[in-house]
Amino acid sequence: MFNSSEIRSQFPALGQKVNGHDLVYLDSAATTLKPNVVIDRITNFYKFETANVHRGAHYLSDKGTVEFENGREAIRKLFNAASTEEIIFTKGTTEGLNLLASSYGETFLNEGDEIVLTELEHHANIVPWQILALKKKCVVKYIAVNETGELEASSIDQVITTKTKIVSFSGCSNILGTITDVEKIVAKAKSVGAITILDAAQLISQKKIDVQKLDVDFLVLSSHKLFGPFGFGALYGKKSLLSTMPPYQTGGSMISSVGFDKTTFNDLPFKFEAGTPHVEGAVGTAAAIQFFTKLNIEDVFAHEQKLMNQLTEGLLSIPEIKLFGTAKNKAAIVSFNLQGAHHSDIGQILDQMGVAVRVGHHCTQPLLKKFGLTGTVRASISLYNNETDIEKTVEAVKKARRMLL
Ligand code: PMP
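With the numbering used here as the guide, the letters of the sequence shown map in order to residues 126 to 530.
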């Protein structure tokens, strides 16, 4: 059974007071808090294991290399990739998408080709494709989102055509929580011969992902959204595709041999990892994955859904509340506005009561524009939240209403 109080005790950040109140952390879609096992693992690495990897001829470097590559294996196992050659370390989701737009897109796309995204995307999955489209004279198209925040099934069929070369989409919206129908989009993309890229930044903490079963071509994620360190993430790619792609960045580590006139490149995955890597990122991520996979992801999801329903009910008892994102299948991300008040003012009042939420456009400006909004308040729930957190949040929103309306 899922024991949230036992889980909470593993997150030292939750033991502090903010503005005189016990911290209520509801900003996990921006980044998750870190458990002791991750903090201790990284500290221990810096204290006793610091060394550069892959090149040393000494004990610490060898140990560091083993631990670093254990991180790759932990990520491979997390979503059942066939081989660690298919796991490229990155700075995170954003870098993974830039790598794909640059290396795959600039090599394989031609004038008139179409790139399909959805209206739900984070800016990280829009801007690199717009830049690529400008360079290569391609067209960017979007699968439409309806009022509830779900993708229109008919739009999936209309927008993905034989001109489509890439379909890049989020498995879970960071603003509305919508969990998209990955199988359906992949099936449609395959039927026209397009490659698929799954932005798993949010999905990774919600559902078990099996890249072989889903048959996605690429997947990107950030470790900091899965209880791991900042500045680190991974790109999964099918070996058959990664081996045809040119390097993204160049320099040390990604080479096989360098002459004054010519360079040959290293094997996968190192061909895509130029320079000294983020060693503690890999080490901390392995600890984070170990922490997360010890739990039953379905129990975690059920716990978060229960809290989301409690929050939704509590908010809807306030007459001026308007919720955004009511998809049937959604993560515990609750976006709302209080009609007549500005989202930033609500965020400030909540903060004064120790409740941490995010306010603003959440890096989804096109979607907000479509809904006629400039921003929302977003409360995003994770496994360490509990019913008291939700009660305090609803009370804080009621207080904001009294102060602002
Ligand atoms: N895609 C989604 C769905 C996200 O939620 C985020 C982070 N908010 C990103 C991409 C970008 O992730 P990062 O900033 O860690 O690179």
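In this text, a Cβ means the ideal position worked out from N, Cα and C, and glycines have one as well.
Legend entry - Range covered by the beta strand (DSSP E) that runs through N454: Boundaries cannot be given for N454, as no beta strand (DSSP E) includes it and DSSP labels it neither H nor E.
Inset, instruction - Have a look at N195 and K172 and give me their C-alpha separation to the nearest angstrom. - result: Per the coordinates, the alpha-carbon of N195 lies some 19 Å from the alpha-carbon of K172.
Legend entry - First through last residue of the beta strand (DSSP E) which encompasses I212: Run containing I212: I212 to T215, per the beta strand (DSSP E) assignment.
Inset, instruction - Can you grab the Cα-Cα spacing for the pair N128 / S460, in whole Å? - result: The alpha-carbon of N128 is positioned some 26 Å away from that of S460.
Legend entry - Reduced DSSP secondary structure (H/G/I, E/B, other) of G439: Three-state result, G439: helix.
Legend entry - Euclidean distance between Cα positions of Q477 and V143: Their Cα atoms are separated by approximately 8 Å.
Legend entry - Collapsed DSSP secondary structure at E231 in the structure displayed: Residue state, collapsed to three classes: helix.
Inset, instruction - For the alpha helix (DSSP H) containing T501, list its first residue and its last residue. - result: Boundaries around T501 are those of the beta strand (DSSP E), T501 to S505, since no alpha helix (DSSP H) includes it.
Legend entry - Beta-carbon proximity check, L432 vs I506, cutoff 7 Å: Between L432 and I506, the C-beta spacing is below 7 Å.
Inset, instruction - Closer than 7 Å by C-beta to N66: which residues in its own chain qualify, once you throw out the five before and the five after it? Chain order, please. - result: Since the first and last residues shown for the chain are 126 and 530, residue 66 lies out of range.
Inset, instruction - Collect the residues with a C-beta less than 5 Å away from any heavy atom of the ligand PMP and give them in sequence order along the chain. - result: With the cut-off at 5 Å, the residues found are G217, T218, T219, H247, A249, S295, N299, D324, A326, Q327 and S347.
Inset, instruction - Please state if the CB of S347 and the CB of G145 are separated by a distance shorter than 7 Å. - result: No, they are not a contact pair.
Inset, instruction - Helix, strand or coil for L245, going by three-state DSSP, please let me know. - result: Three-state result, L245: coil.
Inset, instruction - With a 10 Å radius around its C-beta and 16 neighbouring C-beta atoms as the bar for buried, classify Q374 as buried or exposed. - result: So Q374 counts as exposed.
Inset, instruction - Jot down the residue ranges of each uninterrupted beta strand (DSSP E) in the region 302–352, minimum 3 residues, whole runs only, in chain order. - result: Taking only runs of at least 3 residues, the beta strand (DSSP E) segments lying wholly in the region 302–352 are 320–324 and 343–347.
Inset, instruction - With distances taken Cα to Cα, identify the nearest neighbour of F357 among P372, T501 and F193. - result: Distances from the CA of F357 to each of P372, T501 and F193 were compared; the closest alpha carbon is that of F193.
Inset, instruction - Using DSSP bridges, identify the partner residues of S293. - result: The bridge partners DSSP lists for S293 are I322.
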